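Chemist: Okay, here's the structure, questions in a sec.
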Ligand SMILES: NC(=O)C1=CN([C@@H]2O[C@H](COP(=O)(O)OP(=O)(O)OC[C@H]3O[C@@H](n4cnc5c(N)ncnc54)[C@H](O)[C@@H]3O)[C@@H](O)[C@H]2O)C=CC1
Ligand SMILES: O=C1[C@@H](O)[C@H](O)[C@@H](O)[C@H](O)[C@H]1O
């Protein structure tokens, strides 16, 4: 049975997910889409033989749509996810789940009231081969207990209208989620350092920033989130354990030997770096919702990531170390 998918938001990743659902993923067809950029959405609808709807809610409530993928701007996510829960439809929402922890809790409570897990959040790094291997190695105990984690999240240039808070809530939120998943424990406290300003950054944008996190067991984490690396998209993660160190591999690009140099390509952005992870994420989402329901990052994971990001933003503004206070996890998400 082909699952009929509606897509809300057909910008960069929305269009890429539509291509993926059409050309790579099996068992699903994009039948409907919407975007406030009507001209672009109509172009994509024509290209993929889907129906254009004027509003996202029309896509969500359409009887021709079985499940929804949300890839519109961050502040629109919560409203659309709540609408999907009302319509009792499965939804894969790009990260962040919402732009505040309060909105995330509203989603969590609506899902619990509906008595059915419908929501998955687009934390695709959990599907990246490198991160999965790191998790397996940590579990094997080969490096002993993890003690420290050093990460870099470097973007070549920021997207339009990128703000200082978004560096944490839109970009750094990937590390917030994936490190909690890797280490399999919650955070205790967080802090953000701003550093000497990159003069290539827009003047209002504090860039780069360093997120510092401490987990409940005492693991210390530092993450450089840099929106203006200029040289490329570069994701690094090194875990220092009691007996050794493990490190996320760089993407497997071709080694070129030319003019007296060895060189590897560095990808320009996330769409190249995580292509395979998105493919696996979406295929597993489709397969799971045809079966007993989503098994990927839940609305609860979306909430924990968001409250952590909110706390880090507060810590940066106050120049303090802030406790990360997470509500008790409801039985529904255990
Ligand atoms: N998992 C990942 O690695 C990535 C996730 N994302 C997430 O995906 C979302 C979209 O990001 P991009 O595609 O890079 O941005 P984009 O700006 O290229 O596309 C966003 C689209 O949303 C549309 N939109 C805005 N308000 C809307 C509304 N009320 N209803 C319907 N459409 C609306 C815009 O017109 C635009 O076409 C963001 O939430 C972002 O955080 C983006 C890139 C990578
Ligand atoms: O989610 C993503 C973007 O929205 C974000 O802006 C980038 O910084 C991330 O690396 C990318 O994965």
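Residue numbers (the numbering used here): 16 to 349.
For glycine and all other residues, C-beta sits at the position ideal for the given N, C-alpha and C.
In this text the structure is predicted, and so the values were computed from the model without any measurement.
How would you label residue 313, buried or exposed, when you count the other beta carbons within 10 angstroms and need 16 or more for buried?
Modeler: Residue mapping note: residue 313 aligns to position 298 of the chain shown, counting from 1. Buried, because 16 or more other Cβ atoms sit within 10 Å of the Cβ of residue 313.
Chemist: Taking 7 Å as the cut-off, decide whether the C-beta atoms of residue 238 and residue 162 are in contact.
Modeler: Start at 1 with the first residue of the chain shown, and residue 238 comes out as number 223. Start at 1 with the first residue of the chain shown, and residue 162 comes out as number 147. Against a cut-off of 7 Å, the Cβ pair of residue 162 and residue 238 comes out as no contact.
Chemist: Alpha carbon to alpha carbon, what distance is there between residue 154 and residue 29?
Modeler: Mapped onto the chain shown, residue 29 falls at position 14. Mapped onto the chain shown, residue 154 falls at position 139. Cα-Cα distance, rounded: 34 Å.
Chemist: Which residues count as close to ligand 1 when the rule is a CB under 7 Å from any of its heavy atoms, in chain order?
Modeler: Those residues are 23, 24, 25, 26, 27, 28, 29, 49, 50, 51, 52, 55, 71, 86, 87, 88, 89, 91, 92, 109, 110, 111, 137, 139, 174, 185, 189, 285, 289, given in chain order.
Chemist: From the DSSP output, in three-state form, read off residue 155 for me.
Modeler: By one-based count along the chain shown, residue 155 stands at place 140. If DSSP states are grouped into helix, strand and coil, residue 155 belongs with the helices.
Chemist: Run through the DSSP bridge pairs and tell me what residue 227 is partnered with.
Modeler: Taking the first residue of the chain shown as position 1, residue 227 is located at position 212. Answer is 206, 237.
Chemist: Mind checking whether residue 207 and residue 333 have CB atoms under 7 Å apart?
Modeler: In the chain shown, the residue the question calls residue 207 occupies position 192. In the chain shown, the residue the question calls residue 333 occupies position 318. It is not a contact, given that the beta carbons lie outside the stated cut-off.
Chemist: Taking the CB atoms as reference points, tell me whether residue 339 and residue 202 lie closer together than 7 Å.
Modeler: Sequence index remark: in the chain shown, residue 339 carries index 324 (1-based). Sequence index remark: in the chain shown, residue 202 carries index 187 (1-based). Yes, these two residues count as a Cβ contact at 7 Å.
Chemist: Any chance the CB of residue 170 is under 6 Å from a heavy atom of ligand 2?
Modeler: Stepping through the chain shown from its first residue, residue 170 is reached at position 155. Residue 170 Cβ: within cutoff of ligand 2.
Chemist: Quick one: what does DSSP say residue 101 is sitting in, helix, strand or coil?
Modeler: Locating residue 101 in the chain shown gives position 86, where the first residue counts as 1. Helix.
Chemist: Rounded to whole angstroms, what's the CA-CA distance from residue 282 to residue 130? Just pull it up for me.
Modeler: By 1-based counting over the chain shown, the position of residue 282 is 267. By 1-based counting over the chain shown, the position of residue 130 is 115. Approximately 42 Å between the Cα atoms of the pair.
Chemist: Identify the residues that DSSP records as bridge partners of residue 277: which are they?
Modeler: Taking the chain shown and counting its residues from 1, one reaches residue 277 at position 262. DSSP output for residue 277 lists 272 as bridge partner(s).
Chemist: Curious, which full-length beta strand (DSSP E) runs of at least 3 residues does the segment 44–86 contain?
Modeler: Correct list: 82–85.
Chemist: Please state whether DSSP places residue 294 in a helix, a strand or coil.
Modeler: Taking the first residue of the chain shown as position 1, residue 294 is located at position 279. Helix at residue 294.
Chemist: Helix, strand or coil: which one does DSSP assign to residue 308?
Modeler: Reading the chain shown from its first residue, position 293 is the one you call residue 308. Looking at residue 308 - three-state DSSP - the assignment turns out to be coil, as it is neither helix nor strand.
Chemist: From what residue to what residue does the beta strand (DSSP E) around residue 257 run?
Modeler: Within the chain shown, residue 257 is the residue found at index 242, counting from 1. Counting along the chain, residue 257 falls outside any beta strand (DSSP E), and DSSP gives it neither H nor E.
Chemist: Under the three-state reduction of DSSP, which class applies to residue 32: helix, strand or coil?
Modeler: As a working mapping, residue 32 is identified with position 17 in the chain shown. Residue state, collapsed to three classes: helix.
Chemist: With residue 166 and residue 249 assumed to form a contact (beta carbons below 8 Å), what rounded beta-carbon distance in angstroms separates them?
Modeler: The count along the chain shown starts at 1 and reaches residue 166 at position 151. The count along the chain shown starts at 1 and reaches residue 249 at position 234. In fact, because the Cβ distance is near 11 Å, the residues do not count as touching under 8 Å.
Chemist: Who are the near neighbours of residue 347 in its chain, counting only those whose CB is closer than 7 Å to its CB and skipping five residues on each side?
Modeler: For the purposes of this step, residue 347 is identified with residue 332 of the chain shown, where counting begins at 1. Once the five neighbours on either side are set aside, the close Cβ partners of residue 347 are 127.
Chemist: Below 8 Å on the Cβ atoms is my guess for residue 188 versus residue 56; work out the distance and round it to an integer in Å.
Modeler: Position 173 of the chain shown, counting from 1, holds the residue named residue 188. Position 41 of the chain shown, counting from 1, holds the residue named residue 56. In fact, because the Cβ distance is near 26 Å, the residues do not count as touching under 8 Å.
Chemist: Just the C-alpha distance for residue 99 and residue 114, rounded to the nearest angstrom, thanks.
Modeler: Locating residue 99 in the chain shown gives position 84, where the first residue counts as 1. Locating residue 114 in the chain shown gives position 99, where the first residue counts as 1. Cα to Cα, the separation comes out at about 17 Å.
Chemist: Please list, in chain order, all residues of the same chain as residue 337 whose beta carbon is under 8 Å from its beta carbon, the five residues on each side excluded.
Modeler: As a position in the chain shown, residue 337 is number 322, starting the count at 1. 204, 205, 206, 326, 327, 329, 330, listed in sequence order.
Chemist: Below 8 Å on the Cβ atoms is my guess for residue 26 versus residue 86; work out the distance and round it to an integer in Å.
Modeler: Mapped onto the chain shown, residue 26 falls at position 11. Mapped onto the chain shown, residue 86 falls at position 71. With 8 Å as the limit, residue 26 and residue 86 qualify as a contact, their Cβ atoms being about 7 Å apart.
Chemist: Taking Cβ to Cβ, would you say residue 39 is nearer than 7 Å to residue 294?
Modeler: Here the question's residue 39 lines up with position 24 in the chain shown. Here the question's residue 294 lines up with position 279 in the chain shown. Yes, Cβ-Cβ distance for residue 39 and residue 294 is below 7 Å.
Chemist: Given this structure, state the Cα-to-Cα distance separating residue 164 from residue 253, to the nearest angstrom.
Modeler: As a working note, residue 164 is residue 149 in the chain shown. As a working note, residue 253 is residue 238 in the chain shown. Computed Cα separation, rounded: 6 Å.
Chemist: Suppose you measure from the CA of residue 276 to the CA of residue 146; what does that come to, to the nearest Å?
Modeler: Residue mapping note: residue 276 aligns to position 261 of the chain shown, counting from 1. Residue mapping note: residue 146 aligns to position 131 of the chain shown, counting from 1. When rounded, the distance between both Cα atoms is 29 Å.
Chemist: Could you tell me the alpha carbon to alpha carbon distance between residue 223 and residue 178, rounded to whole angstroms?
Modeler: Walking along the chain shown from the start, residue 223 turns up at place 208. Walking along the chain shown from the start, residue 178 turns up at place 163. Each residue's alpha carbon lies about 12 Å from the other.
Chemist: Identify, in the order they occur along the chain, each residue of the same chain with its Cβ nearer than 6 Å to the Cβ of residue 76, setting aside the five sequence neighbours on each side.
Modeler: On the chain shown, position 61 is the one that residue 76 refers to. Result list for residue 76: 102, in chain order.
Chemist: Which residues mark the beginning and the end of the beta strand (DSSP E) in which residue 135 is found?
Modeler: Along the chain shown, one-based indexing puts residue 135 at 120. Residues 134–136.
Chemist: Taking the straight line between their C-alpha atoms, what separation do you get for residue 95 and residue 105?
Modeler: On the chain shown, position 80 is the one that residue 95 refers to. On the chain shown, position 90 is the one that residue 105 refers to. Taking the straight line joining both Cα atoms gives about 12 Å.
Chemist: Can you give me the C-alpha to C-alpha distance between residue 182 and residue 169, rounded to a whole angstrom?
Modeler: Locating residue 182 in the chain shown gives position 167, counting from the first residue. Locating residue 169 in the chain shown gives position 154, counting from the first residue. If I take the Cα positions, the gap works out to 10 Å.
Chemist: Across which residues does DSSP place residue 120 in a beta bridge pair?
Modeler: On the chain shown, residue 120 is found 105 positions in, with the first residue counted as 1. Answer is none; residue 120 lacks a bridge partner.
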